[in-house]
Amino acid sequence: MILFFFLISKSTSCSQTVVISPSEGIDYVAPTAYRECTELQTLIINEGITLLGNEAFYGCSQLTTISFPSTLRTIKMNCFYFCTSIASLTLPEGLEHIESSAFRSCTSLTSISLPSTLHTIEIVAFQDNYLLTSITFPNGNPYFSTSNLLIYTNEKIIMGSNALTSIVFPDIPTITTIYTHAFVFCKNIVSIVIPSSINSIETRSFYMCTSVVSFELGENIDTFNQDALEGCSSLQNINVNSNNAYFASKDGVLFSKNYEKLIFYPLERTSNTYEIPAQTSSIAASAFQKKTITKLTVNSQNPYLIAKNDAVFSIDELTLVKVPPGHVTFTIPSTVVNIDVGAFYLNWMTSVTIPSSVRTILSEAFAFSSIASITIPETVEILEHSVFRNSYLVNAYIKCKITTIEHTMFQLSSLLISVEIPDTVTVFEVCSFSNCRLLQSVNFPPYLKTIQESEFYFCTSLITPVFPDTVTYIGEMSFESCLAFDHIVIPKNVVLVDDYAFSTCTNVLSVTFSNCNTLNKTNTFYSILNLQKFECVSSKTFTAHFSLRKIPNKMKWIGLLLSQLVHDV
């Protein structure tokens, strides 16, 4: 068994001027280190700092001046969110990654200068900023270009400034995709016509474009994400070029060709009811978002669907297809076997009882819903991915005998506190609980084997888990920025703890490996760097821990040659 002790360095000082320098191997600014430091006006980050953590300067509303070092490589999620006094940004050469919402809601921001080294700009990095009228790459960039307040690659439009009143699409034939969240919060655009050069519109590309009244799909669009127009509260009509082979519009409502699938119902419609056409056999998860929709009916000639109690069911009434979002109470009939994709998507109901007749709950069934607590009965056999993502759940009790918590199942459920997992679960898939900031308690089942990528990413309230000995793999970023952790015990059967698995868990004081042969990457425990003591009684112990430059001189070696270190390439 190996035991590591760490000394954590995290600044809590808050003043008008803050100067940050690296010390004793610590080359980062910890997550939430200066969060809501409202006195801060001038920030000087000295050479040697490589990473600015999640929400490190969130809500520093008086911050106006920032000096970045040339050593900076990564700006993490929400880092400068709500820094409302920053007017201009010059980001340094050497910077490579800007994560999601890094400079979101910097409402005074008018100009950004970006480096040639930048190769990742995640979603909403510079959006919710309505004064941004200058975007430049003064030294060029091999990945990104900019014109007309857009940033794009050779294939995708990555983002548009929220100062846009209209979109001038680049005249570049290879650009065929509008990237996810590209035009989020563009509230000054009234009309959008997608040109024939574009064939794909990704998720939430036009989210919260609240002034858009009309939207037209070009003739070559073959991929349109169902929630691309989510939150477009003024949208009255969606039109489709008559030559388009994949989509059609009926009375301003978007369908797949031949009206087989209802994709999106415009939010500005005033009626509280809608009739599903005779040809329609399925409804997209996010098709109905308007809270005033309280009743759905089905054309009497429809051979696939039927309306009952203001909701839509399959013709045999075994599948609950859609409950209108404005319904505040609804009883699932005891005859229902399947709850369809997005059946309660964006629903206002605060509680629901799932009857024992239900066997299948499909993806996004309760996504964005207001349900506060839910129990999944033992009779359920299939519980798909994203079922509760972005919901307002506080507690969830899963009683069924599933073996996998599928990807993004609870992701971004901002009020979630506890989840009861059945003992039958062996796999936690990607991002199942990521960004559940209030999550405190999750039981790790006794036969759990795999914890995949970003599983509990930024679950800042999660209490240090007790892993069962059956765990064999802990994935990339699986517990990154879990700030409530104070110690970590890696069980004996773990073969690999992957990249950044416990990165920026800055309050961890000790890490214990129960097996001397467990491998971990040089960055697995990034930011838990000030190692004070190392004890080992095996010659195979220290297989792939920290890079040499970050191993303190105080380390004590027992029965281990320095030459046995294994490093990542």
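Heads up: the sequence shown is residues -15 to -1, 1 to 554, going by mature numbering (1 follows the signal peptide of the UniProt record, and there is no 0).
Note that beta-carbon positions come from the ideal geometry of N, C-alpha and C, so glycine has one too.
- Taking a contact as a CB-CB distance under 8 Å, the pair L247 and A233 does not count as one, their CB atoms being some 11 Å apart.
- For the pair E215 and R189, the Cα-to-Cα distance works out to about 6 Å.
- The C-beta of V404 has 16 or more other C-beta atoms within 10 Å across all chains shown, which makes the residue buried.
- The beta-carbon distance between V343 and T364, rounded to whole angstroms, is 6 Å. This is short enough to meet the 8 Å contact definition.
- By the neighbour-count criterion, in which a residue is buried when 16 or more other Cβ atoms sit within 10 angstroms of its Cβ, Y13 is buried.
- In this structure, DSSP gives Y244 a helical state, which the three-state scheme calls helix.
- In this structure, G33 sits near S6, with a CB-CB distance shorter than 8 Å.
- Looking at the DSSP output, T304 bridges to N323.
- Secondary structure of L76 (DSSP, three-state): coil.
- When the beta-carbon positions are compared, H392 and V415 come within less than 8 Å of each other.
- The alpha-carbon separation between N224 and L202 amounts to approximately 6 Å.
- In this structure the stretch 348 to 366 does not touch the stretch 284 to 295; the number of beta carbon pairs closer than 8 Å is below three.
- The three-state reading of DSSP puts F170 in coil, since its state is none of H, G, I, E or B.
- The DSSP-derived three-state label of K386 is coil.
- In this structure S227 is not in contact with T195, their Cβ atoms being roughly 28 Å apart against a cut-off of 8 Å.
- Contact between Y137 and I106 is absent: CB atoms are separated by about 10 Å, not below the 8 Å threshold.
- A buried status is given to G44, since no fewer than 16 other beta-carbon atoms sit within 10 Å of its beta-carbon.
- Burial is judged here by how many other beta carbons sit within 10 angstroms of a residue's own beta carbon; P431 has fewer than 16 and is exposed.
- Using a Cβ distance threshold of 8 Å, Y458 and V479 count as a contacting pair.
- DSSP places Y250 outside both helix and strand once states are collapsed to three, so it counts as coil.
- In the three-state scheme derived from DSSP, where H, G and I count as helix and E and B as strand, L57 is classed as coil.
- Here I300 is exposed. Its C-beta has fewer than 16 other C-beta atoms within 10 Å.
- For Y330, the closest of T314, Q264, S341, P310 by C-alpha to C-alpha distance is P310.
- Following the DSSP letters along the chain, one finds F232 inside the beta strand (DSSP E) bounded by residues 232 to 235.
- The Cβ atoms of F111 and F129 do not sit closer than 8 Å to each other.
- Apart from sequence neighbours up to five positions away, the residues of its chain that approach L116 with a beta-carbon distance below 8 Å are T92, S93, L94, T95, A148, ordered along the chain.
- G145 and A357 have their C-alpha atoms roughly 36 Å apart.
- Between the beta-carbon of I206 and that of N184 there is about 6 Å, and that keeps the pair under the 8 Å contact cut.
- For E366, same chain residues with a beta-carbon under 6 Å away, outside a window of 5 residues either side, are R344 in chain order.
- Within the same chain, Cβ atoms closer than 7 Å to the Cβ of A328 are found at L305, V306, K307, V308, A350, the five residues on either side in sequence being excluded.
- Distance between S46 and E40, taken at the CA atoms: about 13 Å.
- Our two residues, P251 and Q221, have alpha carbons roughly 5 Å apart in a direct line.
- Taking C-beta separations shorter than 7 Å and ignoring five residues to either side along the sequence, D156 has no partners in its chain.
- Between E187 and T150, the C-beta gap is not smaller than 8 Å, which leaves the two residues out of contact.
- Here Y511 is not bridged, per DSSP, to any residue.
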